[in-house]
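Chains as they are written, first to last, in my numbering: chain H, 1 to 334; chain D, 1001 to 1334; chain A, 2001 to 2334; chain R, 3001 to 3334. Below is one structure, written out as C-alpha cells; comments come after it.
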C-alpha cells in the first residue's frame, strides 16, 4: 500500500501517518519526492483496508497494490480448479454446455427441451423457478413446482440441473432439487445470499453483476469460498454500457482476464449477454476462442410461446448449429 | 405498443401478428410504410410484456410506449406524496436532513454524533448495523447490537432513525428498532426483499442501484407499493460511469426527472454519490437547487477512527457549514 | 416514424401535428390508444429528422424506426464489400493481418518489424507518423519524416502501408505516402476530416469512437461514402466502460452486429482494445471466431524501448504465436 | 511514480529497473514488501511517461502519482483566473450567461433572440455556423454567412459572441467574426485544432468530451495553454452513460471537482447536458449552486421551427424564468 501525501503536507503530517501505521504493526517507508512525499507500507496491509487514512491531515489518497481476494486468486492456487459433479467435469480443458429455457413452464416444455439439447451435447439443464423480473407485473416463475419438474426431467434424461436461488431462505430448498446453485447478476453483491450458498454443499455458478468490475466479481466469489465452498463457477453475462443495440455488452475481455487472475472455471452466457438471437452463434464461438470453460444458452422449443426471454431464446435446431460451430472451434484450441 | 416489421416481412407474417394480437383481446392497426410496415396495438398492452413477439417471423422489434410502473407514477397520482413520521414530514416542500455515521460503532460515537447533527438541523439519525461490503474481510457491522444503540440514541435525542435491511429474514427485526427501513443500492433489484419491506408497516427509503435506469428504479418502488406500502422515499446516491476521480457520479438529472415522473419524495446522498469529502458541500447545495426533498449525509465525530467510509465522512463542524449553505439555497427556492 | 402524444394531449394538438406532417408531403396515421394517441408517419421521413416535433404542444416524443445511414447499410447492398488494394483483398472471407509499431521511430525499427511481421503472415504494415496523445508533453510522432520511412520500408518488403491522418490539411500528403488512410477513434466524429478522406482516392480504415454507438459509427462511414469513397474498412478498438482492469473494453458484439447491419469489412484492434499484452492472443482468436475480417496488432522489435504504447506491444516472437493461433481458428470458420 | 513489481519478480529484474531509472537521472527507492517489491521513483518523472516500463521483466504495473497537466493546474496558479473580454468578466465570482440558438438560421431569428436574451441578463450570444451532425443528411449550418449574421447582430445589440470552430483551417476565419472560439465536445481531443486555437488571440471555450475524464479534459486545456493562450473557459455539457431518459448525463460533480483542480472558469450547458427542455431550469439552478461560473443555454424564438436541436431549446419566455431562478440562487452564494 502506498500513501500519497499532498504537496502542501507538513513534516508533522507525515510523522503522524508514520506513527499511525507503525502502531498497527506495519512498516512505513517515507520517500520524499520533488513535488510531494509518498509512504510505502509493508506488512499485512489488509488491516488498513477499513482505516480512514485519507482523512488524516496532509494525505491525498491511498493506492492499494494488492488485490483483496485471496482464495479465488491464482496467486494462492496456481493450477486450474476442476469441478466434478457426477460424471461431469468443468474447468481446465473440460468444456461444459448448459442449456434450457429461461423459465420452467411445464413438464412437457422441459422434457422436449432436455431431450433436444442433450442430443446436441449439453450436459447441464437450466430452467428458472424463481425469476427476478424488473417489473412486478411480469411472470415470476413456478417456484417449488418448477424445481420439481426440473429435477424430474433431469433424472429422466440423465442431465445435471442448474437453477437460480434468489433468497437466503430458499437455499436449502433449491439445493435439494438441483445440482448447481445459480446466483444471478442482480444478486452478485447480495452478500448474505453469497454467505448462505457458501455453506451449502452444492457447486455455485456466480454471474457477474451488470456493472461489477472484475475485482468485485472475484471478491463476491471470495464470500462464497470463505465459507468453505470452493466449487465456484464464474459466469460472464454482459455488462451495462452506453450501447443500446445489444441488451448488454458481453465482455469477453473479462473471460481472458479472469483466467489469468483466478483458478476458477468461467462460463459465458451469450443469451443474456447480447439479448439478440442472431448474435448468439458468433459470440458463443468467440467465447470459446477467448478461453471460456463452458457456455450457458437459452433454448426453448417454441420461443414464440415462452413466458419470458423468448426474444433471445434459440430453437433446438438453431442451438444444434451453434453447438456444432462451437465444437469446431474447440477442436483447434490447445 | 408499436410492433416494427422487417423490410422483408411478408403479408402472411403481418397477418399472423395481427391474429396473435387480436386473440389476446387487443386491437392492432397496421400502417404500411415505404420501407416497412408497423403495427400499432391498442388496449391493455401490459399483457404483451412477457410475450416473445420479436421471435415471430418478420418482426424486427417492439417499441414500448408506456412506462410499466403505475402506482409510482405521477400519471396515476398527480399531487406530491408527503410522508409523515411522528412530527417529521418529507416531500412537497418539506425538506429533511438525515445524518450520522456509515456504521454504528458504539453508544459513545452515536450519542456524540446525534447531538451534533441535531443541532445543525438533522431530524433523522442514520447508522448502519448490517453493512454490505465488497470484500468479506472488511468490517460487517454490529448487527442487532447496533440497532439497539441506534434506537436508544434516537430516543434520547428525540430523532427518527434509519438503518439498512439486507435480508428478508431481518425485515421484522430491523422494523422493530428503526423508523425508516433503508434498501441499499446493491439490493435495489433484490425483489424478494422489496416485496418483504412492502409488507412492513414502516416507510422505506429506496436507494437507486449503481447502474439502474430511472425506469428500473421506479419499477423497484412499484414492487414495494404493490404490497400496500406507499411510504416510499427515493434516494439518488450516484451511478457508475467511466469517471474515476469521483467514487460514483451523483446524477442530479435523475432527481429533476423523478420529480416529474413520480409523486414520491426523493432525497440525495452526496457522501456515497461523490466519495470525496470536499465535494459534499457543493453537491448538497446543487441537490437542493435541483429540487431534492432531502439529504442524507455521513457524519462521524472522528472520521480518522471510523470503521468504514471515513474518507467520505464529514466532521460535525464541516456538516454544520453544509447545513447552513443548504438553508440559504432552500430559502430562495419556490 | 412514430410520434407519441402525451396522455393529456388535446384533439387540437393532434390535429396540428397531423397538418404539420401532411404539409411536408408525408402521410400521418392516428391511432387512438386507451392511455394516449400515437401517430404513425409514412413517406420519406428523413426530412423530419431536423424538425423539432417534440416541441409541439401535446407531443411527448418521437420514435425513429429506420436507421439514418443508407450507403453503409446491408439493406441497400446485401452482398459483402470486398476491398482490393494491389494483390490484397479485404472482406467476405478474405482475412487481413495488419501489424507494426504504434509509432514510426526509425528506418531500422521499421525494417526489422516489417520483415518479422511479414514472415508471420501480415500483409499490411502499420506505423503512426502523426500521433494524437492525451498529454501535450508526450511524443507526437515523426510527421512527414515518419511517412517517408513507412513508404520506403513498405516498398522494400513489399507490404501495403497504413497510417493515421489527423487533420484535413494533411489528407493529401498522407495519401501520397500510404495505401490505407486511418481515421483514429478520437476523430471518428471529426466530420470535416471524414468528408475530406471521402474525397481521397485511397481506402479508409475508420476506427470506432471510444463512446460511439454502432449507429454513430455507421453514420460516420456514411460521411465518407457520401463523398464517393466506398472503400471503407471499419475497425473495432474498444469502448470506454466502468471497467478499469483493461484500458478499454473490446466490444466483439459490435463486430457480429456490424456484419449484419452493414456490408463493409470490419477488422479488430486487440492492442488498443485491451491495453494488455497478455490479452491480445485470446482476444485475437475471439475476434476471428466472432467473424472479423482482419486484425491490426501493435508489434515492436524492442517494446521496452518503444516511444509510445510499448506496454501493449507484442514482440515479433509473441506476434508469431498469435498468428498461428488465429490461423487455426480461421481454418475451421465456414 | 511507483513501479509495482510482480510477486514472482527476481532480484535481477528489480536491479534492471533500478539501473534503467537511474540512467535517466531519476532516483529509485526499492521497498521490499511481504508479497512483492515496489519501487518509488523521485525526480522529474514526466520523462518516464512514454517509457514502456511495464514491458520490463517482473514489472506488474506503474502507478502515476502526479497529474500530467501543469499550466491548467491550481497547484501552479492557486488563484482563480478571470477572463476579461470587453466589459465582460468571467470567473472568480463573475457569473456569465451565454444564450442563443443552436444554429444561426437568419438575421431575423438572431436579432429576435438576441434582444430577448439580453433583456433576461445574457451578455454573450451563441449561434452555430459550422454544425457537426451525426448524420451527413442533417442540416450542417450556414457557414461563413452565419458568422456574418452573428457578428452583425452582436454589434447591434452590444453583446459578445461565441461560435464553434470545427477545423484548423477555419480558426483564423472564425476568430475574425467572434469574441470567443468554441471547441465542441466531439473535438475535445482533436489536438491539431487545440494547438491552432492555442495560437489564436481569442478566448476559447473548451467543451468536455462525451466520454472524457476530468484529467483528459484538463490535458486538453493544457494543449491550448501550452501555445500561449491562457484564456480558456471549461464547459461541462454532459457525459455518456447507460441512462437513456436524458440525452446525456450532466455531470455537476465535475464542476465542483474542476474548481478544486484548476484555476480556470467553468460554465455549464444544461441544454446538451440533459437534452430535455423541462430539466433545463432545475439543472441550471443546480449548476450555479455547485459553483459554476456561468451557463450556456439554447434559446430559439420559435423552437418548433428550429433547424436543429429544437427539442431542447427554450423560448425566450422560458429562458427568462430560468434566469430569474438562477439570479435567486446566485444571490445566496458566497
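Yeah, the Cβ is synthetic: ideal placement off N, Cα and C, and Gly gets one too. All values reported here derive from a predicted model rather than from experimental measurement.
Scanning the region 1131-1184 of chain D for uninterrupted beta strand (DSSP E) segments of 3 residues or longer gives 1160-1164 and 1180-1183, listed from N- to C-terminal end. At a cut-off of 3 residues, the continuous stretches assigned as beta strand (DSSP E) that sit fully inside the region 1224-1274 of chain D are 1232-1236 and 1266-1268.
For residue 1188 of chain D, the nearest beta carbon of chain A is not closer than 8 Å to its own beta carbon. Here the alpha carbon of residue 38 of chain H sits roughly 16 Å from the alpha carbon of residue 3026 of chain R. Leaving aside the five residues that flank residue 2289 of chain A on each side, the residues in its chain whose CB is nearer than 6 Å to its CB run, in chain order, 2329.
Note on geometry: alpha-carbon atoms of residue 316 of chain H and residue 1170 of chain D lie some 43 Å from one another. At a cut-off of 8 Å between C-beta atoms, residue 219 of chain H does not count as an interface residue with respect to chain A. Restricting attention to H/158, H/108 and H/85, the CA atom closest to the CA of residue 306 of chain H is found in H/108.
Among the residues facing chain A, residue 1095 of chain D is not included, as its CB has no counterpart in that chain under 8 Å away.
The residue from H/302, H/303 and H/313 with its alpha-carbon nearest to that of residue 296 of chain H is H/313.
The beta-carbon of residue 2191 of chain A is placed less than 8 Å from the nearest beta-carbon of chain R.
Residue contact check for residue 226 of chain H against chain D: a CB pair falls below 8 Å. Taking 8 Å as the threshold, the shortest C-beta distance from residue 240 of chain H to chain D falls below it.
The straight-line gap separating the alpha-carbon atoms of residue 3268 of chain R and residue 3281 of chain R is approximately 12 Å. Burial is judged here by how many other beta carbons sit within 10 angstroms of a residue's own beta carbon; residue 1078 of chain D has fewer than 16 and is exposed. Every unbroken stretch of the alpha helix (DSSP H) spanning 4 or more residues and falling wholly within the region 275-316 of chain H is given here in chain order: 277-290.
Between the alpha carbons of residue 2158 of chain A and residue 241 of chain H lies a distance of about 42 Å. Residue 3332 of chain R and residue 1332 of chain D do touch by the CB rule: their CB atoms are close to 6 Å apart, below 8 Å. Counting along the chain, residue 3126 of chain R sits inside the beta strand (DSSP E) bounded by residues 3124-3126. With respect to the C-alpha of residue 3292 of chain R, the residue from R/3283, R/3300 and R/3298 having the closest C-alpha is R/3283. In this structure, the CA atom of residue 5 of chain H is about 10 Å from the CA atom of residue 11 of chain H.
Contact check for residue 2073 of chain A and residue 2212 of chain A: beta-carbon distance about 17 Å, past the 8 Å limit, so the pair fails to qualify.
When beta bridges are read from the DSSP output, residue 2028 of chain A appears opposite A/2041. Leaving aside the five residues that flank residue 2168 of chain A on each side, the residues in its chain whose CB is nearer than 6 Å to its CB run, in chain order, 2192, 2193 and 2196. For chain D, the residues of the region 3242-3255 of chain R that bring a beta carbon within less than 8 Å of one of its beta carbons are 3242, 3243, 3244, 3245, 3246, 3249, 3250, 3251, 3252, 3253, 3254 and 3255, in chain order. A direct Cα-to-Cα measurement between residue 2243 of chain A and residue 257 of chain H gives close to 12 Å. In this structure, residue 42 of chain H lies near residue 3031 of chain R, with their beta-carbon atoms less than 8 Å apart. C-alpha of residue 1203 of chain D to C-alpha of residue 1083 of chain D: approximately 8 Å in a straight line. Judged by pairs of C-beta atoms under 8 Å, the region 104-124 of chain H does not touch the region 219-232 of chain H, as fewer than three such pairs exist. Residue 40 of chain H is not a Cβ neighbour of residue 67 of chain H, given a cutoff of 8 Å. For residue 2006 of chain A, there is no enclosing beta strand (DSSP E), as DSSP marks it with neither H nor E. Shown here, residue 2060 of chain A sits in a strand according to DSSP, grouped into three states.
Between residue 3266 of chain R and residue 3259 of chain R, the alpha-carbon positions lie close to 7 Å from each other.
Proximity of chain A to residue 1075 of chain D at the Cβ level (cut-off 7 Å) is accounted for by 2007, in chain order.
When the Cα atoms are used, residue 177 of chain H and residue 1134 of chain D turn out to be separated by approximately 30 Å.
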